[in-house]
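Numbering (mature numbering (1 follows the signal peptide of the UniProt record, and there is no 0)), first residue to last: -25 to -1, 1 to 283.
Heads up: the structure comes next, in structure tokens.
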Amino acid sequence: MASLRNTLPLFLCLLAATGPLPCSATSATDTFVYGGCSQQKFSPASPYESNLNSLLTSLVNSATYSSYNNFTIMGSSSLDTARGLFQCRGDLSMPDCATCVTRAVSQVGPLCPYTCGGALQLAGCYIKYDNVSFLGQEDKTVVLKKCGPSEGYNTERISRRDAVLTELLGGGGYFRAGGSSDVQGMGQCVGDLTVSECQDCLGTAIGRLKNDCGTAVFGDMFLTKCYARYSTDGGKYNAKSHNYKTNYGGERTFAIIIGLLAAVVLLIIFLLFLRGVCSRGDPDLTEMEYEDSDVLLYYERFLKSTLV
């Protein structure tokens, strides 16, 4: 059977138009990163389809209490056996992890219809399944490399980047993140690797980042079983939140204007009502009479100054 990586370039071409990947912990967890499918197909209503559905259900359920797990649903033959895993980014809460895995499972079906194997990486989680064994096997094949534009050789910034990547490599655990000033870095291994395999995989990913991305303002290196990423472009990954704040500010200004308009209309109605009451009441009160044209002219000028 052809491996998943044979069909990855098709989906990575779609990714190229999406721009830089979010790198901060606050970024959206469901941003598409890459996906791939095996060439081998299964028939609808086959034993493998039933086992695959059971496997995907187990992944979704397990993500409510664990950030990594793998399952094997045995079939009557090896080709009917479904194997799969999921992993969430190490800084996600359990609810966010469960939401991400649920989203990934819902997307991988349309992405890989009736294929025996599929893999999908979102910004916050990763899922993979197949009917051939891959669990516990180190794989350092590059499935996605993305380098940003070069900023020229900024010695200070490149030194800080290399220091952050070195810190990531020297850190422990399967998820590692760190930063210095406007330089941020992140790395993670799939949980079915051993500690030494994880270290070896991250070392390869970080080495490729330095060599392949050079002076790029950001770099993403996804291998089959690990990834490493960095950003030296201070505000780039905050663009989404910045736009949100700008839009929110515009909506708030618009709401204030609408509120002022409503208040002005109510005030005009009240003044006209008061004029009518006064004209029918005490003759002494009629001296407080307002000219309608003066009122409307005043508020017309007020509204123009507000909208400007």
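Idealized CB from N, CA, C, for every residue including glycine.
Can you tell me which of the three DSSP states residue i falls into?
i      : result
Asn44  : strand
Thr207 : coil
Ser155 : strand
Met69  : helix
Thr4   : coil
Cys87  : coil
Gln112 : coil
Gln174 : helix
Gly162 : strand
Ile231 : Because Ile231 sits at a pLDDT of 33, beneath the cut-off of 50, its placement in the model cannot be relied upon, and the following sentence gives the value as read from the coordinates. In the structure shown, Ile231 sits in a helix (DSSP, three-state: H, G or I).
Determine which residues share a DSSP beta bridge with residue i and list them.
i           : result
Gly10       : Leu95
Ala191      : Ser125
Ile102      : Phe61, Leu95
residue 339 : Nothing can be reported for residue 339, as the shown portion of the chain is limited to -25 through 283.
Lys16       : Thr90
Express the C-alpha separation of residue j and residue i in angstroms, rounding to a whole number.
i      : j      : result
Ser37  : Ala73  : 8 Å
Arg204 : Thr39  : 27 Å
Gly148 : Gln14  : 34 Å
Ser52  : Phe46  : 17 Å
Glu142 : Lys200 : 20 Å
Ser81  : Thr32  : 11 Å
Leu144 : Lys16  : 39 Å
Phe150 : Thr130 : 28 Å
Tyr202 : Gly162 : 5 Å
Asp71  : Gly154 : 23 Å
Gln159 : Cys91  : 37 Å
Val117 : Met196 : 7 Å
Leu177 : Asn28  : 32 Å
Gly182 : Val8   : 21 Å
Lys120 : Lys103 : 19 Å
Met69  : Pro19  : 33 Å
Leu67  : Val35  : 15 Å
Tyr89  : Asp137 : 43 Å
Gln174 : Gln112 : 14 Å
Gly146 : Gly65  : 14 Å
Asn186 : Glu24  : 42 Å
Could you name the residues of the same chain whose beta carbon sits closer than 8 Å to that of residue i, not counting the 5 residues immediately before and after it, in chain order?
i      : result
Leu86  : Phe(-15), Gly10, Cys12, Gly93, Leu95
Ser21  : Asp55
Val139 : Gly153, Gly154, Ser155, Val158, Gln159, Gly160, Tyr205
Glu172 : Glu113, Cys164, Lys200
Could you name the residues of the same chain whose beta carbon sits closer than 6 Å to that of residue i, not counting the 5 residues immediately before and after it, in chain order?
i      : result
Val83  : Gly93, Leu95
Tyr43  : Gln62, Gly166
Gly194 : Cys122, Leu184, Cys188, Tyr205
Leu54  : Asn106
Gly100 : It is Cys, not Gly, that sits at residue 100 in the sequence shown. Hits under 6 Å: Cys63, Cys75, Val76, Ala79.
Ile48  : Asn26, Ser29, Leu30, Ala57
Lys115 : Cys176, Thr179, Leu198
Ala152 : Met161
Gly50  : Pro22, Asn26, Thr56
Thr207 : Arg132, Arg136, Val158, Val192
Say whether chain B places a C-beta atom closer than 7 Å to the C-beta of residue i.
i      : result
Thr199 : Here there is only one protein chain, and chain B is not present.
Flag residue i as yes when its Cβ comes closer than 6 Å to any non-hydrogen atom of the ligand NAP, and as no otherwise.
i     : result
Thr32 : The ligand NAP is not among the ligands present in this structure, which contains no ligands whatsoever.
Can you list, in chain order, the residues of its chain with a C-beta nearer than 7 Å to that of residue i? Leave out the 5 residues immediately preceding and following it.
i      : result
Ser156 : Arg135
Leu110 : Asn45, Arg58, Leu60, Asp167
Ile133 : Thr190
Ser108 : Arg58
Task: Stretch pair the region 120 to 134 + the region 181 to 195: three plus CB contacts closer than 8 Å - done: yes
Task: Stretch pair the region 160 to 176 + the region 50 to 66: three plus CB contacts closer than 8 Å - done: yes
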